[in-house]
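Its first residue numbered 265, the sequence shown is counted upward by one per residue in the working numbering.
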Amino acid sequence: MAVKIVAGNWKMNLNRGEAQALVSEITGMLSDEVTHPVKVILFPANIYIGAIVQLTSSDHRIAIGAQNCSNKESGAFTGEVSAAMLKSIGCHYVLIGHSERRAYFGETNTLLSEKIDLAIKHLLHPVYCIGELLEDRNNKKHFDVIQNQLTEGIFHLDATAFEKCIIAYEPVWAIGTGLTASAEQAQEMHAYIRQLIEKKYGGIIAENTTILYGGSCNDQNAKELFGLKDVDGGLIGGASLKSRSFVNIIKSLP
Ligand code: 13P
């Protein structure tokens, strides 16, 4: 069975006080309202990671991740943050290949595969984000795009390394638009992703790989999405910036 997870990608939002307030609201609501074991990952901006690791240290259900890391080990790369640095401040996960990184920073599958290698080397769990554009879907190319992103970005890993990874399916047309994938669309793509993993790594690894859905997921639609056979939770953007909606989404995990 894949581990079920709700993750919050804060993107480039919140100042320090707002970030701290959001974390303490989330930890408070979780301890008051959620008694069963859940797994939550928060992805704040890098500059807050150290502080938020401290603020969440008493709740083992919460882990902290970064939104990106460098594809270089270390050295003269001004402004970059390495996987090793993130690991050293208590970060355990890293988003790799979010569609905003692919679109606005020209990140290619090949570059992302280098980031994944460094993340694994430094004992971070990559959360590899994949997803098609609306144009791809309209042209019936969405399965090809997903297959290509997996093949070029992550399927170079051996089985032991792949088992450390999480996949996040985020159709680009659903991100920040209010247009969620329908239950049918989400289940169909998640099943396809799992099938590709099975072909590459075998049935047991496929079954145990967490595949998150992202794209306008909120406390109104989370229950239906998380109830789907191949959806193992969500990667939440906008709705993770409000404690009430984020905790409601966590409570929607089956
Ligand atoms: P929204 O939930 O705001 O659509 O963003 C999804 C996302 O990009 C999470 O990584």
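Where is the CB? At the ideal position from N, CA and C, for every residue including glycine.
Residue i (DSSP reduced to helix, strand or coil)
| i | result |
| --- | --- |
| V267 | coil |
| V391 | strand |
| I430 | strand |
| N273 | strand |
| I316 | helix |
| G281 | helix |
| G292 | helix |
| S363 | helix |
| E337 | coil |
| V298 | coil |
| E452 | helix |
| S258 | In the structure as shown, the chain starts at 265 and stops at 518, and residue 258 therefore has no counterpart that could be examined. |
| F510 | helix |
| V287 | helix |
| V385 | First, the amino acid is wrong: residue 385 is Lys here, not Val. Of the three classes helix, strand and coil, the one that applies to K385 here is helix, per DSSP. |
Environment of residue i [buried if 16+ CB atoms lie within 10 Å]
| i | result |
| --- | --- |
| P301 | exposed |
| Y392 | buried |
| N279 | exposed |
| D494 | buried |
| H324 | exposed |
| K404 | exposed |
| K463 | exposed |
| K385 | exposed |
| D496 | buried |
| R508 | exposed |
Extent of the continuous beta strand (DSSP E) to which residue i belongs
| i | result |
| --- | --- |
| F307 | V304 to F307 |
| A327 | I326 to A330 |
| L359 | Y357 to I360 |
| L499 | G497 to I500 |
| G478 | I475 to G478 |
Cβ distance (whole Å) where residue i is taken to contact residue j below 8 Å
| i | j | result |
| --- | --- | --- |
| A266 | T474 | 5 Å |
| C355 | I313 | 5 Å |
| V336 | H389 | The question names Val, but residue 336 is Lys in the sequence shown. Not really, about 20 Å apart at Cβ, beyond 8 Å. |
| I328 | L359 | Incorrect: roughly 12 Å between the Cβ atoms, too far for contact. |
| C481 | L492 | In fact, because the Cβ distance is near 12 Å, the residues do not count as touching under 8 Å. |
| G281 | F510 | Not quite, the Cβ-Cβ distance comes to about 18 Å (not below 8 Å), so this is no contact. |
Residues of its chain near residue i, where Cβ-Cβ distance is below 7 Å and the 5 sequence neighbours each way are ignored
| i | result |
| --- | --- |
| G395 | S363, Y433, E434, P435 and V436 |
| S601 | Residue 601 is absent from the structure shown; the chain starts at 265 and stops at 518. |
Beta-carbon proximity list for residue i, same chain, < 6 Å, skipping 5 on both sides
| i | result |
| --- | --- |
| N512 | D483 |
| A283 | P308 and Y312 |
| V470 | It should be pointed out that residue 470 corresponds to Ala in this sequence rather than to Val. Only R458, I461 and E462 meet the Cβ criterion. |
| L376 | I360, G361 and G417 |
Residues near residue i by beta carbon distance below 8 Å, same chain, minus five either side
| i | result |
| --- | --- |
| I514 | V270, L294, V298, V302 and V304 |
| I353 | I313, G314 and V317 |
| S334 | F341, E344, V345, S346, A347, K379 and L382 |
| G442 | S480 |
Enclosing alpha helix (DSSP H) for residue i [first to last residue]
| i | result |
| --- | --- |
| G466 | From DSSP, G466 is part of no alpha helix (DSSP H); its letter is neither H nor E. |
| H406 | H406 to G417 |
| L489 | A486 to F490 |
| N402 | L398 to N402 |
beta-carbon residue i near the ligand PLP non-hydrogen atom, thresh 7 Å
| i | result |
| --- | --- |
| C481 | In terms of ligand content, the structure shown lacks the ligand PLP and carries the ligand 13P instead. |
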